[in-house]
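Peer 1:
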Amino acid sequence: KPVVLWFRRDLRLNDNPALNQAAATGRPILPVFILDRDPDRPAGAASLWWLDKSLRALDVSLQERGARLILRRGDSLIQLRSLIEETGADAVFMNRLFEPAAFARDAEIAHELKSDGVECRGFNGSLLARPGAVLNGSDAPYRVFTPFMKALLASAEPPPHTTGPRRIETPAEVASEAMDDWALHPTRPDWSKGFDWTPGEAGAAAALSDFLARGAKTYAADRDRPGLPSTSRLSPHLHWGEISPWRAAQRAREAASAAEAAKFVSELGWRDFSAHLLHHFPTIVDRAFRPEYESMPWRNDPEGLEAWKRGRTGYPLVDSGMRQLWTTGWMHNRVRMVAASFLVKHLLIDWREGEAWFWDTLVDADLASNVQNWQWVAGSGADAAPYFRIFNPIGQGEKFDADGAYVRRWVPELRRLPDRWLHAPWTAPAEVLRDAGLRLGKDYPRPILDHAQARARALDALKTVSGRD
Ligand code: FAD
Numbered sequence: 004k005p006v007v008l009w010f011r012r013d014l015r016l017n018d019n020p021a022l023n024q025a026a027a028t029g030r031p032i033l034p035v036f037i038l039d040r041d042p043d044r045p046a047g048a049a050s051l052w053w054l055d056k057s058l059r060a061l062d063v064s065l066q067e068r069g070a071r072l073i074l075r076r077g078d079s080l081i082q083l084r085s086l087i088e089e090t091g092a093d094a095v096f097m098n099r100l101f102e103p104a105a106f107a108r109d110a111e112i113a114h115e116l117k118s119d120g121v122e123c124r125g126f127n128g129s130l131l132a133r134p135g136a137v138l139n140g141s142d143a144p145y146r147v148f149t150p151f152m153k154a155l156l157a158s159a160e161p162p163p164h165t166t167g168p169r170r171i172e173t174p175a176e177v178a179s180e181a182m183d184d185w186a187l188h189p190t191r192p193d194w195s196k197g198f199d200w201t202p203g204e205a206g207a208a209a210a211l212s213d214f215l216a217r218g219a220k221t222y223a224a225d226r227d228r229p230g231l232p233s234t235s236r237l238s239p240h241l242h243w244g245e246i247s248p249w250r251a252a253q254r255a256r257e258a259a260s261a262a263e264a265a266k267f268v269s270e271l272g273w274r275d276f277s278a279h280l281l282h283h284f285p286t287i288v289d290r291a292f293r294p295e296y297e298s299m300p301w302r303n304d305p306e307g308l309e310a311w312k313r314g315r316t317g318y319p320l321v322d323s324g325m326r327q328l329w330t331t332g333w334m335h336n337r338v339r340m341v342a343a344s345f346l347v348k349h350l351l352i353d354w355r356e357g358e359a360w361f362w363d364t365l366v367d368a369d370l371a372s373n374v375q376n377w378q379w380v381a382g383s384g385a386d387a388a389p390y391f392r393i394f395n396p397i398g399q400g401e402k403f404d405a406d407g408a409y410v411r412r413w414v415p416e417l418r419r420l421p422d423r424w425l426h427a428p429w430t431a432p433a434e435v436l437r438d439a440g441l442r443l444g445k446d447y448p449r450p451i452l453d454h455a456q457a458r459a460r461a462l463d464a465l466k467t468v469s470g471r472d
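Here the UniProt record's numbering is used: position 273 in the sequence shown is 276, and no number is missing along the way.
1) Output the distance between the C-alpha atoms of Pro162 and Ser269, rounded to the nearest integer angstrom.
2) Which residue from Gly91, Ser238 and Leu58 puts its Cα closest to that of Arg75?
3) Can you give me the Cβ contacts of Asp472 inside the same chain, cut-off strictly under 8 Å, excluding the 5 residues immediately before and after it?
4) Mind checking whether His426 and Gly400 have CB atoms under 8 Å apart?
5) List in chain order: all unbroken alpha helix (DSSP H) runs of 4+ residues lying wholly within the stretch 125 to 163.
6) Counting pairs of Cβ atoms below 8 Å between the stretch 210 to 223 and the stretch 164 to 183, do you hit three or more?
7) In the DSSP assignment, what residue or residues form a beta bridge with Asn98?
8) Might you give, ordered along the chain, the residues of its own chain that have their beta carbon closer than 6 Å to the beta carbon of Val338, omitting 5 neighbours on each side?
9) Alpha helix (DSSP H) containing Phe267: first to last residue?
10) Going by other Cβ atoms of all chains shown within 10 Å of its Cβ, with 16 needed for buried, is Val6 buried or exposed?
11) On a Cα-Cα basis, can you pick out the residue from Trp362, Phe391 and Leu231 that is closest to Phe214?
12) Please confirm whether Ile393 and Lys348 have their CB atoms less than 8 Å apart.
13) By how many angstroms is the C-alpha of Gly440 removed from the C-alpha of Phe148?
14) Quick one: what's got a C-beta closer than 7 Å to Val144's C-beta in the same chain, skipping five residues either side?
15) So Arg256 and Ala262 are supposed to be a Cβ contact under 8 Å. How far apart are they, rounded?
16) Should His349 be counted as a contact of ligand 1 given a C-beta to heavy atom distance under 7 Å?
17) State the DSSP-derived secondary structure class of Asp472, mapped to helix, strand or coil.
18) Sorry if obvious, but does the Cβ on Tyr198 come closer than 7 Å to a heavy atom of ligand 1?
19) In the stretch 288 to 335, which residue ranges form an unbroken alpha helix (DSSP H) of at least 4 residues, counting only runs that do not cross its ends?
20) State yes or no: is the C-beta of Ser212 nearer than 7 Å to some heavy atom of ligand 1?
21) Report yes or no: do three or more beta-carbon pairs, one from the stretch 61 to 69 and one from the stretch 98 to 109, lie closer than 8 Å?
22) Quick one, which of Asp367, Leu155 and Pro300 has its alpha-carbon nearest Trp354's?
23) Return the chain-ordered list of same chain residues with a C-beta closer than 7 Å to the C-beta of Thr430, the five sequence neighbours on each side being excluded.
24) Candidates Gly77, Gly244 and Gln327: which alpha carbon is nearest Ser195's?
25) What did DSSP end up calling Arg236 once you bin it into helix, strand or coil?
26) How many angstroms separate the CA atom of Ala223 from the CA atom of Gly407?
27) Taking only heavy atoms of ligand 1 into account, decide whether any of them is closer than 7 Å to the Cβ of Asn373.
28) Starting from the N-terminal side, write out each stretch of the alpha helix (DSSP H) that is 4 residues or longer and does not extend beyond the stretch 161 to 190.
29) Taking 7 Å as the line, does the beta carbon of Leu241 fall inside it for any heavy atom of ligand 1?
30) Can you look up Pro20 in the DSSP assignment and give me helix, strand or coil?
31) Just checking Val414 against ligand 1 - is the residue's beta carbon closer than 7 Å to any of the ligand's heavy atoms?
32) Examine the Cβ distances between the stretch 150 to 162 and the stretch 38 to 49 and report whether three or more of them are shorter than 8 Å.
33) In its own chain, which residues sit with a C-beta less than 7 Å from the C-beta of Asp463, not counting the 5 before and 5 after it?
34) Which residue marks the beginning of the alpha helix (DSSP H) containing Val366, and which one marks its end?
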């Protein structure tokens with residue numbers, strides 16, 4: 004009797020525990036992907052763009068091994084049951100999802116299938132350590148990153164690298180829907196023209212090799228410089244499970260110096276920490292981890308929100324980030340922090356508004372990482388930045404984009420402005436602006452707010468909720 008291999012966010016054949024275990028049974032394998040509503044939150048548009056390409060790539064890899072990806076759409080349990088009925092399968096193997104509603108749904112599905120006499124087995128293929136595996140001395144979840152990561156590294160064993168079975172025996176003639184009918188790729192308008200990505204397992208491996216050959220060598224020092232290609236850009240590949248985090252970690256340990264590799268593995272640890280927090284504290288998805296922050300006096304400012312989304316705040320680093328996000332579906336981490344902080348602190352707009360925009364536009368949109376990072380910036384999260392840390396968008400630009408490579412790429416209107424004024428164009432003398440061919444307020448907006456005033460306003464608001472002077 005065949006085994007159903009239920010693919011979700013583990014779209015790879017290497018280092019795939021569910022596939023390896025299914026192959027170990029020696030029985031035929033039915034690889035299936037079910038397009039169902041995500042029970043935690045429906046996927047955003049950029050995620051669906053990615054999914055479309057990643058599933059096609061997975062199908063090609065399966066075909067190379069003699070199999071094929073079966074596509075179904077609708078309620079997961081109903082679809083699994085009908086596949087089981089059509090094929091006589093009596094087992095379902097999958098890699099787990101750890102978001103609260105998905106986790107609960109999987110438990111329910113396993114329960115239902117068991118009552119049908121179908122075995123259901125789940126594995127961890129997406130995180131360094133399964134949530135619940137890393138707890139503190141009192142068996143409670145960690146709330147601070149550093150001890151969490153220390154405990155994780157002390158307890159979790161990297162699994163051995165596997166490449167999966169060479170041939171995957173699949174019963175012929177199982178009905179499948181067609182990818183094209185799902186229409187996940189945007190049509191009118193197709194906003195994805197600037198998306199320079201290769202979704203799929205081969206794309207993930209290429210991104211990792213590229214990183215190890217270049218950025219990894221100076222990662223610790225350069226990862227904060229958005230003008231350099233110094234980070235791995237593995238985030239969407241990791242989100243869709245096109246590469247295992249342990250594989251990325253181990254290859255970095257082999258190829259980079261110990262210090263660079265440790266920094267990279269620590270960033271992978273933040274991904275685990277985010278998943279762990281969301282799993283143990285499910286309300287953080289839309290409620291402040293620190294409840295006192297629920298009384299933040301947020302402003303209702305549709306125009307400010309729109310200027311932020313469109314990259315028209317008049318602050319070049321913020322605008323560069325927001326335009327990079329819109330054009331490519333990704334934003335550099337340093338700039339994510341600055342842009343998010345600008346929304347939450349300078350504009351005093353609820354972090355949930357920004358989180359929702361990122362959710363729809365990021366190709367790496369990940370519920371746990373997005374929510375955790377937004378709450379970190381807002382100050383309301385576990386182990387968050389202290390409330391008085393308010394990123395200065397000018398200073399951050401001068402420090403991390405000193406040569407202006409990043410801003411000139413994403414805000415070309417400012418291209419000819421000398422470095423000295425690039426991050427605060429309104430401070431440039433009239434003749435400098437004229438020489439640069441820049442008419443402020445026409446070619447590029449004047450700042451929509453004054454940094455010092457906004458900072459003072461944010462501190463006042465934050466003091467009321469944090470109870471500090
Ligand atoms: P690298 O520097 O190469 O890091 C390697 C991997 O470590 C990343 O691919 C990612 O999986 C993980 N990682 C690195 N930093 C973080 C972090 N701070 N938190 C969690 N994981 C991390 N990341 C997402 O994957 N999805 C999101 O939806 C997301 N939303 C964010 C929202 C805000 C406001 C901020 C400040 C950060 C957010 N991040 C998110 C984290 C981070 O910005 C991205 O993971 C990173 O920029 C991805 O680029 P990279 O793969 O080149 O990173």
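Glycine is no exception: its CB is placed at the ideal position from the N, C-alpha and C atoms.
Peer 2: Answer, in terms of the structure:
1) 18 Å
2) Leu58
3) Bear in mind that a pLDDT of 48 at Asp472, under 50, signals an unreliable position, so the number given afterwards is only what the model happens to contain. Lys466, listed in sequence order.
4) yes
5) 148 to 158
6) no
7) Phe126
8) Pro229 and Gly324
9) Ala261 to His283
10) buried
11) Leu231
12) yes
13) 47 Å
14) Here the sequence assigns Pro to residue 144, which means Val is not the residue at that position. Excluding positions up to five away in sequence, the list reads Leu138, His279 and His283.
15) Not confirmed; about 11 Å, so no contact.
16) no
17) Low per-residue confidence applies at Asp472: pLDDT is 48, beneath 50, and the placement is therefore not dependable, though the value from the model is reported in the following sentence. Three-state result, Asp472: coil.
18) Correcting the residue type first, residue 198 is Phe in the shown sequence and not Tyr. No, the Cβ of Phe198 stays beyond 7 Å of every heavy atom of ligand 1.
19) 305 to 313 and 319 to 331
20) no
21) no
22) Pro300
23) Trp424
24) Gln327
25) coil
26) 20 Å
27) yes
28) 182 to 185
29) yes
30) helix
31) no
32) no
33) none
34) Per DSSP, Val366 belongs to no alpha helix (DSSP H) and is neither H nor E.
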